[in-house]
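S.K.: If you count by mature numbering (1 follows the signal peptide of the UniProt record, and there is no 0), then the sequence shown holds residues -20 to -1, 1 to 253, one letter each, in order.
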Amino acid sequence: MKNILSTLFLASGLMLSAQVGINTDTPKAKLDVNGDLNLRDKIAVLDATDNSLSQGNNDQLLVSQGEGYAPIWKTLRIPEYEPNKFYLIFNNSFSDKVGVDFTNNEQPPVTSTGKAAAFTKGADFSNLTAFKKINGLSQKIQVFSTESKAYFQFETVVQANFSSNGTPDTSIDYACGIFVDDKLISLRQNNLKASSAQFTFITHNQIGMVTNLSKGEHTVSVGCSRLTSYGDAPNRKLAIGTNTSTNLNSFIAQSSLKVDVYEVPQVFNTIIK
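(1) What is the rounded straight-line gap between the Cα of Ile252 and the Cα of Thr55?
(2) Please tell me whether Thr199 and Lys129 are closer than 7 Å, where the distance is taken between their beta carbons.
(3) For Lys173 and Tyr154, what's the separation of their Cα atoms in angstroms?
(4) Anyone know if the C-beta pair for Leu218 and Ala140 falls short of 7 Å?
(5) Please name the residue, chosen from Thr150, Gln119, Ile158, that lies closest to Glu135 on a Cα-to-Cα basis.
(6) Leaving aside the five residues before and after Asn229 along the sequence, list all residues of the same chain whose C-beta is less than 7 Å from its C-beta, in chain order.
(7) Mark Ile2 as exposed unless 16 or more other C-beta atoms lie within 10 angstroms of its C-beta, in which case mark it buried.
(8) Might you give, ordered along the chain, the residues of its own chain that have their beta carbon closer than 7 Å to the beta carbon of Met(-6), omitting 5 neighbours on each side?
(9) Please list the terminal residues of the continuous alpha helix (DSSP H) segment that includes Phe231.
(10) Taking Cβ positions, are Gln234 and Ile187 nearer each other than 7 Å?
(11) Would you report the Cα separation of Ala103 and Lys163, rounded to the nearest angstrom?
(12) Let me confirm a value: Glu243 is counted as buried when at least 16 other C-beta atoms fall within 10 Å, else exposed. Which label applies?
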């Protein structure tokens, strides 16, 4: 009888008042419970698609849709990870058809000794004289763990508008670097030589790696420079990621950058489906 009376009093209160509080004199909703709530049976929410009540499925959670909308049932999926093991968390590929080009006047006045001093891991891009960035390859990446390995694969075409030259006396030294937050993490030097054919070109491939980047957003970029010219090369243009002559087009000469970030997961980013 006592339980019946309590239920009647509660029902009467709900009908007479717009807001009812349990263990509170100032309810902030139509039913405000200040304390523990124990549900022994089922809970259902309105399914707005067909105006029915939905109890959801096993292992589903109620997810808010914001003010004015009923919550909905969602399945929470968390991938299973083995501890202390690296997983591919981020990967993407970027391309650029604009590239960069250099005349002989854009060569830095750096000796071989000076190059060795300048081209060190962690060197800042602003300190590498005459380097130009390939703009389309400057992109944001995300790191979610303090234990990570980021791999970068850069590929492009390097061309000079050399005339036909059967000797190796005409050539250009160049360098390309991969940067993270404008810090050098990989650098490769190479030499493009004139040949018996006009408008010589080569494919440049480069791989870089950096470990344990700080958590958060980082910027990866690629920059290149013309270093030294030999023979008739001072009269010739060097192009990286673009063409100097019509035997190539922008599609063939374009640059690409592939980024893979492997991490030991520390933060589980839940996926709601």
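Beta carbons: idealized from backbone N, C-alpha and C, even for Gly.
Every value quoted in this text rests on a predicted model; they were computed, and no experiment measured them.
M.R.: Looking at the atomic coordinates:
(1) Along the sequence shown, one-based indexing puts residue 252 at 272. Along the sequence shown, one-based indexing puts residue 55 at 75. Confidence at Ile252 is low in this model, with a pLDDT of 49, below 50, so the placement of that residue should be treated as unreliable; the coordinate-derived value is given next. Straight-line spacing of the CA atoms in Ile252 and Thr55 works out to 6 Å.
(2) The residue you call residue 199 lines up with position 219 of the sequence shown. The residue you call residue 129 lines up with position 149 of the sequence shown. No. Outside cutoff.
(3) As a position in the sequence shown, residue 173 is number 193, starting the count at 1. As a position in the sequence shown, residue 154 is number 174, starting the count at 1. Between the alpha carbons of Lys173 and Tyr154 lies a gap of roughly 11 Å.
(4) Numbered from 1 along the sequence shown, position 238 holds the residue referred to as residue 218. Numbered from 1 along the sequence shown, position 160 holds the residue referred to as residue 140. Going by C-beta atoms, Leu218 is nearer than 7 Å to Ala140.
(5) Locating residue 135 in the sequence shown gives position 155, where the first residue counts as 1. Taking each of Thr150, Gln119, Ile158 in turn and checking the Cα distance to Glu135, the smallest one comes out for Ile158.
(6) Mapped onto the sequence shown, residue 229 falls at position 249. Cβ neighbours of Asn229 within its own chain (closer than 7 Å, five residues either side excluded): Asn223.
(7) Start at 1 with the first residue of the sequence shown, and residue 2 comes out as number 22. If you draw a 10 Å sphere on the C-beta of Ile2, you find fewer than 16 other C-beta atoms in it, and that means exposed.
(8) Working through the sequence shown from its first residue, we reach residue -6 at position 15. Unreliable placement is indicated for Met(-6), whose pLDDT of 49 sits below 50; no coordinate value is reported for it.
(9) Position 251 of the sequence shown, counted from the start, is the residue given in the question as residue 231. Start and end: 230 to 233.
(10) Residue 234 sits at position 254 when you count from the first residue of the sequence shown. Residue 187 sits at position 207 when you count from the first residue of the sequence shown. For Gln234 and Ile187, no; Cβs fall outside 7 Å.
(11) As a working mapping, residue 103 is identified with position 123 in the sequence shown. As a working mapping, residue 163 is identified with position 183 in the sequence shown. Whole-angstrom Cα-Cα distance: 6 Å.
(12) Translated into positions along the sequence shown, residue 243 becomes position 263. Counting Cβ neighbours within 10 Å, Glu243 comes out buried, since at least 16 surround it.
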